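So the sequence shown is residues -30 to -1, 1 to 157, counted in mature numbering (1 follows the signal peptide of the UniProt record, and there is no 0).
Even for Gly, the Cβ is constructed at its ideal location relative to N, Cα and C.
Since this is a predicted model, take the numbers as computed values, not measurements.
Notes follow the structure.
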Amino acid sequence: MFAKSRIAIGTAIAGAALAIGGFAAPAAMADGPDTPQSVKTAIQEQQWLELKEGDLGYRVEAVGNFLKEDGYLKGEPEADFTEELTGAVNAYQDDRAIPNTGTVNDDTWDQLSADIGLVQSGDARSDVVTGLQGSLDDLGHEVSVDGQYGPGTVKAIKAFQQEKGIDVDGIVGPLTFRAMYAEGAES
């Protein structure tokens, strides 16, 4: 009886650890585990670019896609920061207890990165994937913008990671996300 109890307790502990991610390799693998510290530091020091109504570009369209995924943006995302996107940003900021500015500022970028988390092959969040794909395409990594994180997207992410000196794993984690959207992404 004692042995059965110990086995049951051990199994329960192992199950709980797996359930909370105690043994989850993908989180440890995000952004490549062997990215040199100098590269990590350089990317993390890149400033987020503040986006506001009237701004144009791939970052604006990506934010629109990210906010559409969670129902904040009702229309189709555009590369133009519209009044509708300002409203979506305001609602997102309100829900996340971020000071309401209607601009995509440092706090908003940080929260978007945290909310998006890891994006990898098979991810079902089609609007998030569409935002990433459009960004990759604008950054010179040809990819079909179809909302499916398939082999073509993995290939484009790997090429982007290699270009930025990030250990290549084909997963968009916080470091790859920042490299795609912070200052210097285009260089």
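Just curious, the alpha helix (DSSP H) that residue i is in, first and last residue?
i: proline 47; result: Unbroken run through proline 47: none, as it is neither H nor E.
i: threonine 56; result: 53 to 65
i: arginine 29; result: 28 to 39
i: aspartate 97; result: 96 to 108
i: isoleucine 136; result: It is not in any alpha helix (DSSP H) - isoleucine 136 carries neither H nor E in the DSSP assignment.
Output yes or no for whether 8 Å exceeds the beta carbon distance between residue i and residue j.
i: glutamate 46; j: aspartate 97; result: no
i: threonine 73; j: leucine 21; result: yes
i: proline 121; j: serine 83; result: no
i: leucine 26; j: aspartate 50; result: yes
i: asparagine 75; j: asparagine 60; result: no
i: tyrosine 28; j: glycine 135; result: no
i: leucine 88; j: methionine 150; result: no
i: leucine 128; j: glycine 117; result: Before going further, note that residue 128 is lysine rather than leucine in the sequence given. No; because the gap between Cβ atoms is not below 8 Å, this pair is not in contact.
i: alanine 58; j: leucine 43; result: yes
i: glutamine 63; j: glutamate 153; result: no
i: valine 142; j: leucine 102; result: yes
Going by Cα to Cα distance, which pick from the options is closest to residue i?
i: valine 9; options: Gln90, Gln131, Asn60; result: Gln131
i: aspartate 93; options: Tyr62, Thr123, Glu112; result: Thr123
i: glutamine 90; options: Asp65, Asp80, Ala126; result: Ala126
i: phenylalanine 147; options: Glu48, Glu54, Gln81; result: Gln81
i: glutamate 23; options: Glu133, Glu54, Thr78; result: Glu54
i: arginine 95; options: Thr78, Gly41, Thr56, Asp65; result: Gly41
i: leucine 37; options: Tyr119, Asp107, Leu106, Ile86; result: Ile86
i: glutamate 133; options: Ala12, Ser157, Glu48, Val113; result: Ser157
Just grab the DSSP bridge partners of residue i for me.
i: alanine 152; result: Trp18
i: valine 89; result: Val142
i: valine 74; result: Leu21
I want to see whether chain D comes within less than 8 Å of residue i, judged by CB atoms only; does it?
i: arginine 148; result: Of the chains in the structure shown, none is chain D; there is only one protein chain.
Task: Meets three-Cβ-pair contact criterion under 8 Å: the region 26 to 35 and the region 2 to 17 - done: Touching, no.
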